[in-house]
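*Asks:* I have a structure here, written as structure tokens, and I will follow up with some questions on it.
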Amino acid sequence: MYVKSVSFWFVNWCGLGPLIDLLIDLLGASGPRQLRVHKDALVSHATLDGDWRMPAARSDAQQLFMAKLTSISPPNDLKGDDLFLWKRLSGTFAKFFSSKETWQQIRHHSPLVSWHKAVWFKEAVPRYSFIAWLAFQGRLPTKDRLRSWGLDVPASCVLCSNGIETHHHLFFDCPFSATIWEAFAAKFWPSPPSGLLPISVWILQARSPPRAASSQSVTIVKLILQAACYLIWRERNARIFTNDATTSAALQASLDRTLRDRLLSLPGSPSSSSSLLASYFGCILFPF
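For the sequence shown, full-length UniProt numbering begins at 1 and goes up steadily by one.
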């Protein structure tokens, strides 16, 4: 039992939940005062000589609360010091805190989406994954969304000046962005699709026949996808907010530099005879 350092009212030390909630349901906000136990009291403050220190019940509600409380064995110093246990997802308890286990218990659980492995993987760059994650969910502030919120902004795409700027257009129905994506993806597998969901299926099914692609090429193409999303979104913002425009060739060179830097930083796999960077150089020919 927790004896010295745990709040009597606000911590679930007894398995009934925080006692303040039970008390308010029965007696209202004045409950702690009626029972003469201060709101800041610890569990040990509500005991005396190994028994509960409570006034005689003066109402049915007080009696009901006391019945629940006295069903719990009072703590005492003979049982030792406080011992805090951390609840696991399995329902068991452990002495050591796990941020992973705690996060799994407090987060909102949703079904896995089909494209999650195209965005979240160990070789990914976090800021690129974040932009790709927003893009897959249609949550980037594209012009069609801004207009739906009542903002008076031009609807046209600043990259091609023709289409209406939507997520589908930017990734990668726009001729400008399609050129960036296809210049790299088509070097690995033929006929890369446009549209983020079709692309994710195309990537995640690559290891199955007839392509039977290597795990290295799958990793590289996933990096190409998220880096392309990031750079295209950055280019879009630069054209809108700073009036700076980069040519398709320059953006492809930037994407190439980004990929080389990332692949160079990744260790080789013991099961593979070549590194990710070597596999990349084996498919990408220069100049574009």
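Glycine is no exception: its CB is placed at the ideal position from the N, C-alpha and C atoms. The model shown is predicted, which means the values in this text are computed figures rather than measured ones.
1) Using the rule of at least 16 other Cβ atoms within 10 Å of the residue's Cβ for burial, across every protein chain shown, is L264 buried or exposed?
2) Could you please give the first and the last residue of the uninterrupted alpha helix (DSSP H) stretch that includes T219?
3) Could you pull out every residue in the same chain whose Cβ sits closer than 8 angstroms to the Cβ of G91, ignoring the five residues on either side in sequence?
4) Indicate whether A118 and S217 have their beta-carbon atoms separated by less than 7 angstroms.
5) Suppose contacts are defined by Cβ-Cβ distances below 7 angstroms. Is V221 in contact with A253 by that definition?
6) Looking at the secondary structure, which residues open and close the alpha helix (DSSP H) in which E101 lies?
7) In whole angstroms, what separates the C-alpha of A61 from that of L23?
8) What does the alpha-carbon distance come out to for the pair G31 and F84?
9) Between the alpha carbons of K122 and E235, how many angstroms are there, rounded?
10) Let me know if A124 comes out buried or exposed under the rule of 16 or more other beta-carbons within 10 Å of its beta-carbon.
11) When you compare each of K68, D49, G50, L48 to F57 by their alpha carbons, which one comes out closest?
12) Check whether the stretch 143-155 touches the stretch 205-216, taking contact to mean three or more Cβ pairs, one atom from each stretch, closer than 8 angstroms.
13) Find the nearest neighbour of P74 within the set P190, F172, W13, L27, judged by alpha-carbon distance.
14) Is the Cβ-Cβ distance between F172 and L159 less than 7 angstroms?
15) Does the distance from the CB of R36 to the CB of P55 come in under 7 angstroms?
16) Can you name the start and end residues of the alpha helix (DSSP H) that W120 belongs to?
17) Expressed to the nearest angstrom, what Euclidean distance is found between the alpha-carbon atoms of S129 and W120?
18) Counting only runs of 4+ residues fully inside the stretch 6-56, write out the alpha helix (DSSP H) ranges in chain order.
19) Mapping the DSSP letters down to three states, classify W133 as helix, strand or coil.
20) Quick check on this structure: which residue in L112, H169, D244, P198 has the alpha carbon closest to the alpha carbon of K143?
21) For W115, is the classification buried or exposed, using 16 other Cβ atoms within 10 angstroms of its Cβ as the cut-off for buried?
22) W181 lies in the alpha helix (DSSP H); which residues open and close that run?
23) Taking only three categories from DSSP, how would you classify A155?
24) Give me the Cα-Cα distance between G150 and P209, rounded to the nearest whole angstrom.
*Replies:* According to the structure data:
1) exposed
2) 215-241
3) none
4) Judged by beta-carbon spacing, S217 lies beyond the 7 angstroms limit of A118, meaning their Cβ atoms are not closer than that value.
5) no
6) 99-106
7) 9 angstroms
8) 27 angstroms
9) 26 angstroms
10) buried
11) First, the amino acid is wrong: residue 57 is Ala here, not Phe. Out of K68, D49, G50, L48, K68 has the C-alpha closest to the C-alpha of A57.
12) no
13) W13
14) no
15) yes
16) Per DSSP, W120 lies in no alpha helix (DSSP H) and is assigned neither H nor E.
17) For S129 and W120, the distance between alpha carbons rounds to 7 angstroms.
18) 19-27, 31-34
19) Three-state result, W133: helix.
20) H169
21) buried
22) 175-185
23) coil
24) 48 angstroms
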